[in-house]
Each structure stands twice: as structure tokens, then as C-alpha cells.
Amino acid sequence: MDSPSITIPAAPVSPRRPPTPFVAALVPVAAGVVLWLVTGSILSLCFAALGPLMVLASLVDGARSRRKALRIAEAESAEAWVAADTQLTRLHDEERRMRWHRHPDAATALLDPPLRGVSAIDGSEQIVVGSGAGESRVRASGGDGERERAFRGRCSTIERVPVVVPIGGGIALRGARPVVASAARALVVQMGLRFGTAQLALVGEDLDDWGIAGFPHAREPKRDVFRLGLARGGGLPPASDAVVWLLASDDEVPEGITTVIDIAEPDHATVRTPQGVVDVVAEFVSHAQAVVIGASRWSDAEESLAIPALVALGELAQPMSPDGLPAAIGRGERHEIVLDIVDDGPHATVTGTTGSGKSELLVSWVTAIASRHGPERVTFVLADFKGGTAFEPLRALPQVTAVITDLSEEGDRRGVSSLT
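In terms of the working numbering, the numbers along the sequence shown are unbroken and rise by one, the last being 420.
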């Protein structure tokens with residue numbers, strides 16, 4: 001996107017002084033002298049005095065005209081500066097509005113719910129840690145005076161814009177506990193408003209104390225979502241992709257954290273990152289506010305209640321059992337579908353029309369069991385009499401002792417013998 005530009009008004013220029021009409025002033029002087037020589041009348045010399053009077057009148061009139069022109073130029077320059085200031089305010093307001101739209105904090109997301117994509121979150125995702133000054137896209141050209149340099153400085157800096165950091169490095173907040181708790185709560189609420197339950201999960205202990213246990217994101221997380229962990233100083237962080245830490249003012253920052261927010265006063269905080277230190281005004285959300293917001297977000301959970309169009313086997317969390325052979329083979333509206341051939345069997349029948357995916361389901365089922373249980377626990381003898389290719393990918397599994405097909409009579413005999 002091109003940077004908007006403002007042309008700095010030119011400084012008012014003092015008009016040039018008009019030339020003094022010396023030649024014209026000599027005419028009445030010469031005429032008066034000639035008349036005196038011709039007539040001998042001393043009064044004729046009075047006519048010669050018109051020359052100096054014309055010069056004086058010309059000088060007075062020129063000075064008055066210059067002052068008037070200068071006043072007009074100064075008035076036009078003042079109007080141009082007012083227009084430039086107005087344009088700068090408008091451009092900064094537009095840029096500020098666009099930045100908050102692109103990077104909303106909790107308050108902005110509540111007032112103007114952001115559009116949610118379906119792409120997964122990664123560590124580079126930006127989170128708003130407060131509002132402060134930033135570099136503006138607005139540029140100014142023209143002039144090199146002190147006022148012009150100051151105006152260019154105002155153009156290049158914009159106030160009250162979101163200050164963002166990547167979430168992947170984690171965030172540590174230090175200060176008085178009630179204050180940092182409210183600031184941390186605002187960060188978590190912000191993420192919960194910006195992303196759905198299919199993209200984000202909130203994990204950690206005592207989520208009720210944080211006031212966010214009511215968010216649908218605090219349910220049992222799936223394997224394919226970004227996990228935002230919550231931890232307090234002195235405790236162990238939960239298994240997560242990023243952690244928000246609450247620390248006392250004198251606590252050491254946990255290793256691996258790349259953003260530290262020190263909150264000295266409710267209206268002043270400093271954000272320290274590997275790129276430097278900036279002053280911000282942090283956002284705060286109370287416990288009661290977080291509870292109300294979380295309760296209002298349960299409509300977001302509906303997005304996770306729809307049966308997905310596609311799910312990869314690797315996305316399913318395979319359960320363990322010391323007795324049976326449970327396996328997650330798919331995903332339903334509310335949870336993953338787990339079958340156990342021991343507890344639910346010992347027999348199973350898969351039905352469906354030609355091409356509906358029966359063989360693919362059986363391959364997934366066998367693979368899911370084999371991913372959790374070794375050959376000392378389970379072995380498979382696979383029979384395929386529809387061409388002999390459905391179970392071909394499973395031959396490499398150590399749990400598969402034989403694949404019986406209608407293409408190898410010798411192999412069929414060995415398979416039947418092994419079953420016997």
C-alpha cells in the first residue's frame with residue numbers, strides 16, 4: 001500500500017520592493033528649471049519640487065503595498081497550515097482505525113466482532129499488548145525550516161495505535177497481582193474473541209480463578225488447535241504452544257519468554273522485547289467482565305459441533321487402555337469416535353455401497369490400533385477378496401502377520417493355516 005503524502009505549505013515570501021521612479025521624478029524638476037530660465041519667475045521652481053514629492057509618494061505607496069501583500073501571503077500560509085494539520089489528523093485517524101481493525105484488543109473485538117478465518121494459529125500470530133505510539137505511513141514533503149521539520153516528525157509518528165508482539169514467544173506480566181491479573185485476563189479474552197474453538201484452546205490450572213473457565217475454548221482441547229497456557233510465578237506451565245505468565249514485580253522471567261510487560265501504574269506499562277522497550281497503556285478486564293464475556297461466547301462452540309468434512313487420522317488422539325484395544329477412527333459433532341473391538345466386539349461389520357469408503361475405514365482402524373499397541377499385544381491377519389490391493393499399505397506393519405487375497409492360492413493356504 002502506498003504511503004499517503006502531505007505537501008508542506010511554502011513559507012510566505014516578502015514581496016520585492018518596487019523600483020524608485022527617479023527618471024520620472026526628474027521630469028518635473030527639469031520642467032521647473034526650464035520655466036524659471038524662460039520666465040524668470042521664482043515660482044517656476046515650485047514645479048520642480050514635484051519630483052522629490054513623487055519619489056516620496058512612490059516609496060510610501062510601495063511600502064503599504066508590500067505590507068498588504070505580506071499579510072495576504074501570511075494569511076494564505078496560515079490557511080494552508082490549517083489544511084495540512086486537518087489532513088494529517090484525518091490520515092492518522094484513518095490509519096489508526098485500520099490498525100485497530102487489523103489488530104483488535106478485547107474492547108475493540110467486543111464493539112466490532114472480528115471476522116474469523118479457518119486457518120490454524122501459529123507462533124507468529126500477533127497479539128495486542130496495549131496502545132502506544134508507532135511509526136506512521138504518512139509522509140510529508142517540502143520545506144526545511146524548524147516548523148517544517150517538526151511537522152514531518154508529527155507525520156511519521158502516530159499515537160494510540162495497537163502495540164503487537166508475536167504470541168509464540170510467550171508473555172510475562174510483572175507487577176501488583178490484581179493489576180497484572182486484569183491485564184493477563186484482557187490478553188486471554190482478546191484471543192478468545194478473535195479465534196474460535198476450532199483454532200484456539202485455553203489450558204492451565206484454576207481457570208475459574210482467572211475468570212475464563214466459562215469460555216468454550218477452555219473445554220478439552222483437540223490435538224490440532226493452538227494451546228494458550230496460563231501460569232503463575234512459582235508454578236509449572238501447562239503443555240501448550242505459548243504461555244501467559246503472572247509474576248510479581250521482582251520475579252525472574254521464565255526462560256524462553258520473549259515479551260515482558262512491567263506494569264507500574266494502571267495507565268502506564270513498559271513492553272520489553274528483543275527489539276527494544278516501548279511505553280504502552282495496557283488493557284484491563286475484571287474477573288466479572290471475563291465471566292460475562294465467556295458466557296456470551298458459547299454460541300462460538302456451535303462451530304465445533306458440526307461434523308467436519310474431512311479429518312486426518314493423525315489429528316485424532318488415540319487412547320490407551322491396559323485391557324482393550326480402543327481406537328479413534330473419526331470425529332463426530334461433540335467428540336472423537338472411539339471403537340474398542342474387545343469391549344464392543346468381538347465382531348464388527350462394516351457396510352456400505354461400492355466406493356463409500358469401507359476399505360479406507362478398515363485400513364484406518366487397523367492403523368489406529370497398531371499406532372498404540374505393538375505386535376506383542378495384537379497381530380492381524382487381513383483377508384481381501386476384491387482384488388488384493390485394499391490392505392497393501394498395511395503389509396509393512398509388524399503387527400500384520402499375513403494378508404490373504406484371491407490372487408495367491410499359496411498365500412491363502414498359509415493364511416488359513418496360520419488362523420487354524
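We put the beta carbon where it would ideally sit given N, CA and C, even for glycine.
Practice problem: State whether the stretch 100 to 110 contacts the stretch 187 to 204, with contact taken as three or more CB pairs (one from each stretch) at a distance under 8 Å. | Solution: yes
Quiz item: Taking C-beta to C-beta, are residue 281 and residue 211 nearer than 8 Å?
Solution: In the sequence shown, counting from the first residue as 1, residue 281 sits at position 281. In the sequence shown, counting from the first residue as 1, residue 211 sits at position 211. Between residue 281 and residue 211, the CB-CB gap reaches or exceeds 8 Å.
Practice problem: Give, in chain order, every unbroken run of the beta strand (DSSP E) that is at least 3 residues long and sits entirely within the stretch 109 to 189. | Solution: 126 to 135, 139 to 141, 157 to 166 and 171 to 174
Quiz item: Leaving out the 5 sequence neighbours to the left and right, which residues in its chain are closer than 7 Å to residue 274 when beta-carbon positions are compared?
Solution: Counted from its first residue, the sequence shown places residue 274 at position 274. Excluding sequence neighbours, residue 274 sits near 258.
Exercise. Helix, strand or coil for residue 286, going by three-state DSSP, please let me know.
Key: Position 286 of the sequence shown, counted from the first residue, corresponds to residue 286. Note: residue 286 maps to coil in three-state DSSP.
Quiz item: Per DSSP, residue 276 is paired with what?
Solution: Within the sequence shown, residue 276 is the residue found at index 276, counting from 1. Residue pairing by DSSP puts residue 276 in a beta bridge opposite 273.
Exercise. Could you tell me whether the stretch 125 to 132 touches the stretch 154 to 163, where touching means 3 or more Cβ pairs closer than 8 Å?
Key: yes
Practice problem: Report, in whole angstroms, the separation of the C-beta atoms of residue 10 and residue 142, which I expect to be a contact under 8 Å. | Solution: As a working mapping, residue 10 is identified with position 10 in the sequence shown. As a working mapping, residue 142 is identified with position 142 in the sequence shown. Rounded, the Cβ-Cβ distance is 7 Å, consistent with contact.
Quiz item: Whole-angstrom Cβ separation of residue 194 and residue 114, contact assumed at under 8 Å?
Solution: Taking the sequence shown and counting its residues from 1, the one referred to as residue 194 is at position 194. Taking the sequence shown and counting its residues from 1, the one referred to as residue 114 is at position 114. Sure, about 5 Å apart at Cβ, within 8 Å.
Exercise. Hey, could you find the ends of the beta strand (DSSP E) residue 244 is sitting in?
Key: By 1-based counting over the sequence shown, the position of residue 244 is 244. Its beta strand (DSSP E) spans residues 242 to 247.
Quiz item: Cα separation between residue 304 and residue 219?
Solution: For the purposes of this step, residue 304 is identified with residue 304 of the sequence shown, where counting begins at 1. For the purposes of this step, residue 219 is identified with residue 219 of the sequence shown, where counting begins at 1. Confidence in residue 304 is poor, its pLDDT being 48 and thus under 50, which makes the residue's placement too unreliable to answer from.
Quiz item: Would you say residue 183 and residue 284 are within 8 Å of each other, going by their C-beta atoms?
Solution: What you label residue 183 is simply residue 183 of the sequence shown in a count that begins at 1. What you label residue 284 is simply residue 284 of the sequence shown in a count that begins at 1. Yes. Within cutoff.
Quiz item: Which term fits residue 165, buried or exposed, when burial requires 16 or more other beta carbons within 10 angstroms of its beta carbon?
Solution: For the purposes of this step, residue 165 is taken as the residue at position 165 of the sequence shown. By the 10 Å Cβ count, residue 165 comes out buried.
Practice problem: Using beta-carbon positions only, say whether residue 325 and residue 341 come within less than 8 Å of one another. | Solution: Counted from its first residue, the sequence shown places residue 325 at position 325. Counted from its first residue, the sequence shown places residue 341 at position 341. Closer than 8 Å, so yes.
Exercise. Find the nearest neighbour of residue 123 within the set 237, 272 and 228, judged by alpha-carbon distance.
Key: Translated into positions along the sequence shown, residue 123 becomes position 123. It is 228.
Quiz item: In this structure, does DSSP put residue 397 in helix, strand or coil?
Solution: Here residue 397 is taken as the residue at index 397 of the sequence shown, counted from 1. Coil.
Exercise. Can you give me the start and stop residues for the alpha helix (DSSP H) that residue 281 sits inside?
Key: By one-based count along the sequence shown, residue 281 stands at place 281. Careful: residue 281 lies outside any alpha helix (DSSP H) and carries neither H nor E.
Exercise. Could you spell out where the beta strand (DSSP E) holding residue 367 opens and where it closes?
Key: Numbered from 1 along the sequence shown, position 367 holds the residue referred to as residue 367. Note, residue 367: premise wrong, no beta strand (DSSP E); alpha helix (DSSP H) at 358 to 372.
Quiz prompt | N- and C-terminal bounds of the beta strand (DSSP E) containing residue 340 | solution = Taking the sequence shown and counting its residues from 1, the one referred to as residue 340 is at position 340. Taken as a continuous stretch (DSSP letters only), the beta strand (DSSP E) holding residue 340 covers 336 to 340.
Practice problem: Output the distance between the C-alpha atoms of residue 30 and residue 59, rounded to the nearest integer angstrom. | Solution: Start at 1 with the first residue of the sequence shown, and residue 30 comes out as number 30. Start at 1 with the first residue of the sequence shown, and residue 59 comes out as number 59. Spanning the two alpha carbons is a distance of roughly 21 Å.
Self-check item: Backbone secondary structure at residue 42 - three-state DSSP
Solution: By 1-based counting over the sequence shown, the position of residue 42 is 42. Reduced to three states, the DSSP call for residue 42 is coil.
Quiz item: In terms of residue numbering, what span does the beta strand (DSSP E) encompassing residue 207 cover?
Solution: Reading the sequence shown from its first residue, position 207 is the one you call residue 207. Looking at the DSSP string, residue 207 is not in any beta strand (DSSP E); the run it does join, the alpha helix (DSSP H), is 207 to 210.
Self-check item: Other residues of its chain near residue 125: CB distance less than 6 Å, five sequence neighbours each side excluded
Solution: Indexing the sequence shown from 1 puts residue 125 at position 125. Counting only Cβ-Cβ distances below 6 Å, and skipping sequence neighbours, we find 167.
Self-check item: Pairwise C-alpha distance: residue 264 and residue 318
Solution: Mapped onto the sequence shown, residue 318 falls at position 318. Mapped onto the sequence shown, residue 264 falls at position 264. So the two alpha carbons sit approximately 47 Å from each other.
Quiz item: Which of the three DSSP states, helix, strand or coil, is assigned to residue 7?
Solution: Within the sequence shown, residue 7 is the residue found at index 7, counting from 1. Residue state, collapsed to three classes: strand.
Exercise. Would you list the one or two residues that DSSP bridges to residue 200?
Key: By 1-based counting over the sequence shown, the position of residue 200 is 200. For residue 200, which the question treats as bridged, DSSP gives the partners 226.
Quiz prompt | Residue(s) in a DSSP beta bridge with residue 268 | solution = Here residue 268 is taken as the residue at index 268 of the sequence shown, counted from 1. According to DSSP, which records beta bridges pairwise, residue 268 is partnered with 265.
Quiz prompt | Close beta carbons around residue 416, own chain, < 8 Å, minus the five adjacent residues each side | solution = In the sequence shown, counting from the first residue as 1, residue 416 sits at position 416. The answer, listed in chain order, is 404.
Quiz item: Taking buried to mean at least 16 other C-beta atoms within 10 Å of its own C-beta, is residue 92 buried or exposed?
Solution: Numbered from its first residue, the sequence shown carries residue 92 at position 92. Burial call: buried.
Quiz item: Is DSSP giving residue 327 helix, strand or coil here?
Solution: Locating residue 327 in the sequence shown gives position 327, counting from the first residue. In this structure, residue 327 counts as strand in the three-state DSSP scheme.
Quiz item: With DSSP run on the structure shown, which of helix, strand or coil describes residue 404?
Solution: Numbered from its first residue, the sequence shown carries residue 404 at position 404. In this structure, residue 404 counts as strand in the three-state DSSP scheme.
Exercise. Return the chain-ordered list of same chain residues with a C-beta closer than 8 Å to the C-beta of residue 390, the five sequence neighbours on each side being excluded.
Key: For the purposes of this step, residue 390 is taken as the residue at position 390 of the sequence shown. 359, 362, 363 and 384.
Quiz item: How about residue 88 and residue 6: do their beta carbons lie closer than 8 Å?
Solution: Numbered from 1 along the sequence shown, position 88 holds the residue referred to as residue 88. Numbered from 1 along the sequence shown, position 6 holds the residue referred to as residue 6. Yes, they are a contact pair.
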